Amino acid sequence: MNSTNSAEKPTTAELVERSLAKRRASEWRFKQMGRASVAVGIIALLILFTQIIGNGIGAFRQSFIHMEIEFDPDTLGMTEVNHEQLALANFDGIVRNGLRELFPEVKGRREKRELYSIASYGAGFKLRDMLAADPGLLGQRVSVKLLVDDDVDTYVKSLRAGDPYEDRISEAQRKRIDKLLESGALKLDFNTGFFTSADSAEPEQAGILGALLGSLFTLLVTGSLSFPIGVAAAIYLEEYAKRSRLTDFIEVNINNLAAVPSVIFGLLGLAIFLNFFNMPRSMPLVGGLVLTLMTLPTIIISSRAAIKAVPPSIREAALGMGASKMQMILQHVLPLAMPGMLTGAIIGMAQALGETAPLLMIGMVAFIAEVPAGITDPATVLPVQIFLWADSPERAFVERTSAAIMVLLAFLITMNTLAIWLRRRLERRW
Amino acid sequence: MNSWVLIVLMAALCATIFVAGRSRSLNVATGVGGTRYLNSLPFYYGMLSALWAILPALVLVTLWKIFDGQIIEHIVISELPDDVVFEDASQRGLMLNQIYNIMNGQLSADAAPAYLADSVARLQALKAHADLLVAVLVVMMMVGLGGFAWWRINPQLRARAQVENVFQLVLLGCSSLAILTTIGIVMSVLWESLRFFHAVPITDFLFGLEWSPQTAIRKDQVAGSSSFGAVPLFAGTLLIAGIAMLVAVPTGLMSAIYLSEYAHKKVRAIVKPLLEVLAGIPTVVYGFFAAITVAPFIRDTAVSMGLDNYMAVTSESALAAGLVMGVMIIPFISSLSDDVINAVPQSLRDGALGLGATRSEVIRQVVIPAALPGIVGGVLLAVSRAIGETMIVVMAAGLAAKLTANPLDSVTTVTVQIVTLLVGDQEFDSPKTLAAFALGLMLFIVTLALNYVALHVVRKYREQYE
Chain A
3 MNSTNSAEKP
13 TTAELVERSL
23 AKRRASEWRF
33 KQMGRASVAV
43 GIIALLILFT
53 QIIGNGIGAF
63 RQSFIHMEIE
73 FDPDTLGMTE
83 VNHEQLALAN
93 FDGIVRNGLR
103 ELFPEVKGRR
113 EKRELYSIAS
123 YGAGFKLRDM
133 LAADPGLLGQ
143 RVSVKLLVDD
153 DVDTYVKSLR
163 AGDPYEDRIS
173 EAQRKRIDKL
183 LESGALKLDF
193 NTGFFTSADS
203 AEPEQAGILG
213 ALLGSLFTLL
223 VTGSLSFPIG
233 VAAAIYLEEY
243 AKRSRLTDFI
253 EVNINNLAAV
263 PSVIFGLLGL
273 AIFLNFFNMP
283 RSMPLVGGLV
293 LTLMTLPTII
303 ISSRAAIKAV
313 PPSIREAALG
323 MGASKMQMIL
333 QHVLPLAMPG
343 MLTGAIIGMA
353 QALGETAPLL
363 MIGMVAFIAE
373 VPAGITDPAT
383 VLPVQIFLWA
393 DSPERAFVER
403 TSAAIMVLLA
413 FLITMNTLAI
423 WLRRRLERRW
Chain B
708 MNSWVLIVLM
718 AALCATIFVA
728 GRSRSLNVAT
738 GVGGTRYLNS
748 LPFYYGMLSA
758 LWAILPALVL
768 VTLWKIFDGQ
778 IIEHIVISEL
788 PDDVVFEDAS
798 QRGLMLNQIY
808 NIMNGQLSAD
818 AAPAYLADSV
828 ARLQALKAHA
838 DLLVAVLVVM
848 MMVGLGGFAW
858 WRINPQLRAR
868 AQVENVFQLV
878 LLGCSSLAIL
888 TTIGIVMSVL
898 WESLRFFHAV
908 PITDFLFGLE
918 WSPQTAIRKD
928 QVAGSSSFGA
938 VPLFAGTLLI
948 AGIAMLVAVP
958 TGLMSAIYLS
968 EYAHKKVRAI
978 VKPLLEVLAG
988 IPTVVYGFFA
998 AITVAPFIRD
1008 TAVSMGLDNY
1018 MAVTSESALA
1028 AGLVMGVMII
1038 PFISSLSDDV
1048 INAVPQSLRD
1058 GALGLGATRS
1068 EVIRQVVIPA
1078 ALPGIVGGVL
1088 LAVSRAIGET
1098 MIVVMAAGLA
1108 AKLTANPLDS
1118 VTTVTVQIVT
1128 LLVGDQEFDS
1138 PKTLAAFALG
1148 LMLFIVTLAL
1158 NYVALHVVRK
1168 YREQYE
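Chains as they are written, first to last, in the numbering used here: chain A, 3 to 432; chain B, 708 to 1173.
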């Protein structure tokens, strides 16, 4: 019995041999799981980018209708070109006349109204600006290029994809548009308006310039406050502070602030700047202040790392030559630490550029159709503009939202590339 | 007077005083035999004079900018006729409002008592003169104090030491800003929360099952305090954060393991920054993506599978928000885990490999257990991020406060409610807006605790192998 038992009992080598296939399979599975996880991240990134680009690329082109317009003094109700008459004149009337000329067969109120809706609401304003710039046009017949309504634009663009979006366009209207497209009167063209105008309730007229400048002014405030303050704080903590309760407390605070949810900074801004100091809503100055408080920890932490990386020998040499501590810091440590500090600052600014939640709370969600001219003008910022457009029911805003996202991402990628380039270029090893 | 004019004026004056101080020190130096006999370089004498001029002026201007309204109002009120008496502060406020309304033309001056017309005139006059007065005061102060510093310059004056002391104080002030910010957050959030808990009992808030703040828009409607039960919000937050963690923790961890243990150096150099792009994308972009692409896809899939017969399937779902948030957090988890995995000493791996373990066995049985505290810390940090994330859930998860565990239903979170309660104009005394601050307090406490524990765990672990 015993002997048979021991004969059946496998040796260690056999055991290992037997389990080997299983272990190898599990090794293979584990490795594939790792591969799959990496793939999940990359695929998510690809889907995100293709979706955004696929949705948004269309917004860079826009349908325009090329047509003859007569600046007919009777229809306009103008006798001469002056400020008062320009404000009251019936520019929509001459747009309608022009459209009726293209389709003389259209009869009946409903049909006509539908025909008129081809042109954008903004077409009249464009003609007014033309006339104001050149009063000689009164009574003349000129060929102009006008924006079309967003529904028409969406339909025209969807034709290319082979899946026409017809929900908001009637059968008769579609025929008219097809005819215009055939004759070449309706054409897609580069959409300059997207980059040169501010927000508008009409998708075809809405642009990102207002939000872009709002972002710029906000970042200007953030940058000019958070960088010097952050660097100063880092210098104090690295070069002057002795380990005491106060400095420990400051350190813990900075680390904690870096991880506080951004929405809390919005609450802070609302309570302090708006309610306590009575600052107005929607102001890039206030937005900049809130974002300063938010990015400060990031900048302090990276600046400290940069200062720490400067070798002590440099400090000792400067002090040995008779420099004072301030001279040592300003003339020797800071220039050497500057690249690292700038990198940190750019990354902090990139975060601030993409931030939305705290700005919602200090009122930067207002609908603002004017381009801001300074840090105290009402403004919105790019991410908030994206949020607002994403909420709009018009289908044409989807592509504009995606296009605005592309612009925002382009800025972020530029900033991050700049940070990486700066680090590579100016990095020094001792 | 425009504030820009004042700023330019102050800067110009400051520069002039600097130049004056510097040249005086040079003059003084010629008397004692050259600059080398001065205590400090001429630059520091100039700096010292300029600091004397500018610092007190800055304090004055700042104080003025903060308190100008109150001071002017106080003067106007104190000059009212003696027979006008106020019983409390609110009457005083009403009177001020009346004055302002007359000034802005919203209220006819005829309807108001005659003495108010005088007050309006006084207020306008004060407002017009006040800025000019302050500017004159500032200039006089700068010239006076700067001049005093200039007059004091002599070869023995320790200008450099004094300038450097000021410099150090300014630096200390800058780093204390972090404390001030924290105090600001705590004070503002706590203060408003206390006012909220005054109107709504804290137990109702913490344990109530119904959240419908919109029903209590006006102050006199507080009665239904049960509408401020935050449990559905906490549940929604946990549901979404839980889904996000289910996505992010395994993928992030496995990515980190693959990239640090298996991947070729070149692959790692390309893939790691690519993954990190995910962390740099603004959350509003993720929100848009979740709302436009992911949420409809999930709803259509669920409907086509016939799930809508058994449970609620909505176009805004916890699942969509959670999935996208998970993707956002992947690089966060992977880079934190990467750090701690790399910190595990190679000798441990070599030992295990030498005993015949396969690489996956080494990772599972040696590396991960050794790195576990660090990984847990990273996960806690990620949880705190998921809880505090706002835009994705605002755009993709909906506003309906439901107590549900169904991921296909719409839920709402603490951050979403904070934003929706505070966006737009609102009356600041209503419990509806104060509720947002109470939620903010909860969020602050929870994330702070998570961060504190996480940082503590990560730091403690890191020291083990050093």
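Don't be surprised by glycine CBs; every beta carbon is placed ideally from N, CA and C.
Note that this is a predicted model, so its numbers are computed, not measured.
Min CB distance residue i to chain A below 8 angstroms
{"i": "A998 (chain B)", "result": "yes"}
{"i": "N1049 (chain B)", "result": "no"}
{"i": "A885 (chain B)", "result": "yes"}
{"i": "V1069 (chain B)", "result": "no"}
{"i": "S1117 (chain B)", "result": "no"}
{"i": "S1091 (chain B)", "result": "yes"}
{"i": "G891 (chain B)", "result": "yes"}
Residues that DSSP places opposite residue i in a beta bridge
{"i": "H68 (chain A)", "result": "A:K147"}
{"i": "W918 (chain B)", "result": "B:F935"}
{"i": "R63 (chain A)", "result": "A:F192"}
Listed by chain order, chain B residues near residue i by CB distance under 9 angstroms
{"i": "T403 (chain A)", "result": "F995, I999"}
{"i": "Q53 (chain A)", "result": "F996, I999, T1000"}
{"i": "P299 (chain A)", "result": "A885, T888"}
Contacts around residue i, its chain only, beta-carbon distance under 6 angstroms, and the 5 residues preceding and following it disregarded
{"i": "Q87 (chain A)", "result": "M80"}
{"i": "R975 (chain B)", "result": "L966"}
{"i": "G232 (chain A)", "result": "L298, I301, I302, S305"}
Neighbouring residues, chain A, relative to residue i (Cβ below 9 angstroms)
{"i": "R1066 (chain B)", "result": "E29, F32, K33"}
{"i": "F1151 (chain B)", "result": "V262, P263, I266, L269"}
Min CB distance residue i to chain B below 8 angstroms
{"i": "L269 (chain A)", "result": "yes"}
{"i": "F413 (chain A)", "result": "no"}
{"i": "L291 (chain A)", "result": "no"}
{"i": "L434 (chain A)", "result": "Look at the range of chain A in this structure, 3 to 432, and you will see that residue 434 (chain A) is not part of it."}
{"i": "P286 (chain A)", "result": "no"}
{"i": "V400 (chain A)", "result": "yes"}
{"i": "R426 (chain A)", "result": "no"}
{"i": "V97 (chain A)", "result": "no"}
{"i": "G324 (chain A)", "result": "no"}
{"i": "V367 (chain A)", "result": "yes"}
{"i": "Q281 (chain A)", "result": "Checking the sequence shown, residue 281 (chain A) turns out to be Met, not Gln. For M281 (chain A), the answer is no, since every Cβ of chain B falls outside 8 angstroms of its Cβ."}
{"i": "F389 (chain A)", "result": "yes"}
{"i": "L410 (chain A)", "result": "yes"}
Contact set between residue i and chain A, taken where Cβ atoms lie within less than 7 angstroms
{"i": "Q875 (chain B)", "result": "Y242"}
{"i": "L1155 (chain B)", "result": "N258"}
{"i": "T958 (chain B)", "result": "S39, V42, G43"}
{"i": "M961 (chain B)", "result": "M35, G36, S39"}
Cβ shell of residue i (< 7 angstroms), same chain only, five flanking positions each side left out
{"i": "D155 (chain A)", "result": "Q64, S65, E206, A398"}
{"i": "V1153 (chain B)", "result": "I1094"}
{"i": "V843 (chain B)", "result": "none"}
{"i": "I924 (chain B)", "result": "Bear in mind that the predicted position of I924 (chain B) carries a pLDDT of just 47, short of 50, making it unreliable; the figure below should be weighed with that in mind. S1137, K1139, listed in sequence order."}
{"i": "I1125 (chain B)", "result": "A1143, L1146, G1147"}
Chain A residues whose Cβ lies nearer than 8 angstroms to that of residue i
{"i": "A1088 (chain B)", "result": "What sits at residue 1088 (chain B) in the sequence shown is Leu, not Ala. Simply A261."}
{"i": "F1144 (chain B)", "result": "L269, A273"}
Neighbourhood of residue i by C-beta, 8 angstroms cutoff - its chain only, sequence neighbours within 5 removed
{"i": "I1099 (chain B)", "result": "T990, Y993, G994, A997, A1028, V1031, M1032, M1035"}
{"i": "G209 (chain A)", "result": "G195, F196, F197, T198, S199, A200, D201, S202"}
{"i": "I947 (chain B)", "result": "A1025, A1028, G1029, M1032, A1093, V1100, A1104, V1118, T1120"}
{"i": "S122 (chain A)", "result": "L148, L149, V150, D151, D152, E204, E206, Q207"}
{"i": "V877 (chain B)", "result": "none"}
Interface residues of chain B facing residue i [CB-CB closer than 8 angstroms]
{"i": "R397 (chain A)", "result": "Result: empty, since nearest Cβ-Cβ is about 11 angstroms, beyond 8 angstroms."}
{"i": "R20 (chain A)", "result": "Under the 8 angstroms cutoff, chain B gives no residues; its nearest Cβ is about 15 angstroms from R20 (chain A)."}
{"i": "Y238 (chain A)", "result": "Q875, L878, L879, C881, S882"}
{"i": "K327 (chain A)", "result": "E871"}
{"i": "R25 (chain A)", "result": "T1065, E1068"}
Partner residues on chain B for residue i, Cβ-Cβ distance less than 7 angstroms
{"i": "P385 (chain A)", "result": "P989, V991"}
Cβ of residue i within 8 angstroms of any chain C Cβ
{"i": "T1097 (chain B)", "result": "Considering every chain present, this structure includes no chain C. Its protein chains are A and B."}
For the region 112–190 of chain A, list the beta strand (DSSP E) runs that are entirely contained and at least 3 residues long, ordered along the chain.
143–149
Only counting runs of 4 or more residues, tell me where the alpha helix (DSSP H) segments fall wholly within the region 732–816 of chain B, in order along the chain.
749–785, 796–810
Continuous alpha helix (DSSP H) assignments of at least 4 residues falling wholly in the region 358–395 of chain A
359–363, 384–393
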